[in-house]
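In this note's numbering, the protein residues as written are 43 to 341. To start, the structure under review is shown below, and the notes come after it.
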Ligand code: B12
């Protein structure tokens, strides 16, 4: 559904309202629309999603927007939601996992909150299942792949950042194959208007230092879920911190392996336990930017 548009009739069906209402919302400027050469309105899907979130509307036919069937979860506690997500991830039920994720997102829950409070704990629980021999390795890896697809899909629905929005880049160091946290940081920061881009996993520190010099972001994040040796991590953080200072960037660190004892030994500008902390830090550095309406849906 990336960058795609739908007709006013499809939007009406998706929202369970009349086509006249959709046209009125377009005319009022509430729903973004473009015109075909023939003069018909076309609605970017990202704009419809934003409208649903802002107006707290119900999406009666999410499939028309390329979304899975949403599961009504009102009133269910976080523990219950987490176990539904865990079961869906373990059982390769992508529709259920996506329905839950997008159901919460469309109801207005910030992406960072969904990822911190639902997805990350579900993976923690999957890890425990694996450790107890209750989950096969293939099931765990399949869950990571499925989650990766859902995160890509979620990214498409986030507003595109403005071209002059502050930039953040990040990833993991060599020996750290954990890809979900750095992907999630990208989403959490993009949601608050940053031009955030994850560079993926397994970087030698020297290449991230090159990126600092060439790309000149305001923030470099490092997610640490695993490392080759403590000594290497300490050395890598020292060189990245120095490179960050030279280029005027902040080094933001986090991840399940960054214990308090380890943090005492490494150089960094800020540490966060979760995505919310990353968002708060980014917003303190730079007040929230408005996403570019014109660039809507084209990134
Ligand atoms: C999926 C997974 C893997 C996959 C990862 C694939 C991939 N592409 O990412 C693979 C197959 C690589 C893997 C391998 C291994 N794994 Co593993 N894995 C997991 C699992 C189930 C989920 C990890 C995950 O992605 N979680 C989701 C993320 C989003 O959650 P999170 O890491 O907590 O991140 C949050 C915060 O930490 C924070 N955060 C993270 N980074 C940053 C950065 C910044 C800047 C900020 C502000 C915040 C922040 O925000 C996030 C969102 O809230 C965990 C279970 C667990 N407890 O996490 C086990 C787990 C980590 N693995 C474990 C083990 C044992 C292994 C292996 C040794 C298994 C083996 N024998 O081969 C290897 C080691 C690989 C290595 N080189 O280190 C153990 C580690 C035990 C320990 N003592 O540390 C765990 C805990 C499972 C368990 N319960 O036993 N694993």
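Cβ coordinates follow ideal geometry from the N, Cα and C atoms, glycine included.
Item: Touching by the beta-carbon criterion (3+ pairs, under 8 Å), the stretch 126-142 and the stretch 83-100; Value: no
Item: For residue 86, three-class secondary structure by DSSP; Value: strand
Item: Near ligand 1: residue 260 beta-carbon under 7 Å from a heavy atom; Value: no
Item: Inter-residue spacing [alpha-carbon to alpha-carbon] between residue 337 and residue 236; Value: Residue placement at residue 337 is poorly supported in this model, since its pLDDT is 45, which falls under 50; the coordinates are not used for a value here.
Item: Sequence-distant residues of its chain with Cβ nearer than 8 Å to residue 49 (five each side left out); Value: 82, 83, 84 and 85
Item: Neighbour-count burial assignment, residue 232, 16 or more Cβ in a 10 Å radius; Value: buried
Item: Per DSSP, cross-strand counterpart(s) of residue 295; Value: 264 and 313
Item: Whether residue 240 touches residue 222 by CB criterion (8 Å); Value: no
Item: Inter-stretch contact at 8 Å, needing at least 3 Cβ pairs: the stretch 96-110 / the stretch 200-216; Value: no
Item: Backbone CA spacing between residue 230 and residue 325 [nearest angstrom]; Value: 11 Å
Item: Test item: CB-CB of residue 153 and residue 139 under 8 Å; Value: no
Item: Distance cut-off 7 Å: residue 192 Cβ against heavy atoms of ligand 1; Value: no
Item: Under 8 Å between C-beta atoms of residue 220 and residue 265; Value: yes
Item: Unbroken beta strand (DSSP E) run spanning residue 209, endpoints; Value: 209-213
Item: Residues bridged to residue 240 [DSSP beta-bridge criterion]; Value: 212
Item: Where residue 255 falls: helix, strand or coil (DSSP); Value: helix
Item: Endpoints, beta strand (DSSP E) assigned at residue 59; Value: Residue 59 -> no beta strand (DSSP E), and no H or E assigned at all.
Item: Ligand 1 heavy atom lying under 7 Å from the CB of residue 291; Value: no
Item: Beta-carbon proximity list for residue 111, same chain, < 8 Å, skipping 5 on both sides; Value: 104, 105, 137 and 141
Item: Option in 321, 126, 308 and 215 with minimal Cα separation from residue 165; Value: 126
Item: Three-state class that DSSP yields for residue 245 in the structure shown; Value: strand
Item: C-beta atoms of residue 68 and residue 75 nearer than 8 Å; Value: yes
Item: Residue nearest to residue 300 in terms of C-alpha spacing, selected from 179, 316, 252 and 287; Value: 316
Item: First through last residue of the alpha helix (DSSP H) which encompasses residue 156; Value: 153-156
Item: Contact test: residue 219 Cβ vs ligand 1 heavy atom, cutoff 7 Å; Value: yes
Item: Contact test: residue 182 Cβ vs ligand 1 heavy atom, cutoff 7 Å; Value: yes
Item: Residue 318, DSSP secondary structure in three states; Value: helix
Item: Nearest-angstrom Cβ-Cβ length linking residue 192 and residue 143, presumed shorter than 8 Å; Value: 6 Å
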